[in-house]
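Our numbering numbers the first residue of the sequence shown as 6 and each following residue consecutively.
Don't be surprised by glycine CBs; every beta carbon is placed ideally from N, CA and C.
Following: one structure in structure tokens, then a few remarks.
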Amino acid sequence: MTERSVALVTGSARGIGRAIALRLANDGFNLALNDIASQKENLEILCGEIEGLGRKAVIYIADVSKEDEVKAMVDETVEVLGRLDVMVANAGMCLRFSGLMDNHVFAVNTRGVFLCYKYAAMQMVKQGWDGRIIGANSVAGMRAQSRVCPYSASKFAVRGLTQSAAVELGPHQITVNAYAPAPANLVLTPEFPLKVRQSENTVALKKTGQPGDLASLVSYLASPES
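Shown next as structure tokens:
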């Protein structure tokens, strides 16, 4: 991959996605930035910061659970920036509500990741050179957790999806990985800060993960060395 390589980061307006986008820009990537309409102002601020680093950046408002919007986002990224080398399917949500909201958790966390993998893979295979696909999993997708059943199930699905995609796309020199953090220093729900403090007690260093920690990992996974 070269300095002109292109990365698309979903859910990049804040938190982990924002940190990933900035890190990849510092690594030399041009960026396609995605989030939902309510985050447009934050995306515009991030876009300006990345352009200030001397990189190109474009914004795509899209719902990753909608196939036509994901396809259009990938197609337009290639049209404007010329290629797609790295897909970071970071967008996700964590809710405890039942019924329709549970369906929405699966739509974003699982279907959204699947669609990003699908259209990124199609483009990367078409390009004919190596690519990197990276998804957002969670520690809740690695071991059972209480009171977050829909979220945990959606992330277990991401784990299986990622491993299967890695096997399918390996012959095309496309790697597929997912990062699986414990609760990081973010505010996803009103009770999330308490969840983070409780999580600290299970870590040997008694330390909460930071968005930059995940960004460093993604930087490696997006590199030729991975």
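Here the stretch 17-36 does not lie against the stretch 108-116, with fewer than 3 beta-carbon pairs under 8 angstroms apart. With contacts defined as CB atoms closer than 7 angstroms, residue 111 and residue 159 qualify as a contacting pair. Membership of residue 36 in the beta strand (DSSP E) is indicated by the continuous run 35-40. Assigned with DSSP and collapsed to three states, residue 153 falls in coil, not helix or strand. In the structure shown, the three-state DSSP call for residue 129 is helix.
Around the beta carbon of residue 92, a 10 Å sphere encloses 16 or more other beta carbons of the protein chains shown; the residue is thus reported as buried.
In the DSSP assignment, residue 226 falls within the alpha helix (DSSP H) that extends over 216-226. In the three-state reduction of the DSSP assignment, residue 136 falls in the strand class, which pools E and B. The continuous alpha helix (DSSP H) containing residue 78 extends over residues 72-86. By the 16-neighbour rule on beta-carbons within 10 angstroms, residue 12 is buried. According to DSSP, residue pairing for residue 12 in a beta bridge involves 36 and 91. Between residue 149 and residue 138, the C-beta spacing is not below 7 angstroms. Spanning the alpha carbons of residue 68 and residue 129 requires a straight line of approximately 21 angstroms. For residue 182, the enclosing beta strand (DSSP E) has its first and last residue at 179-184.
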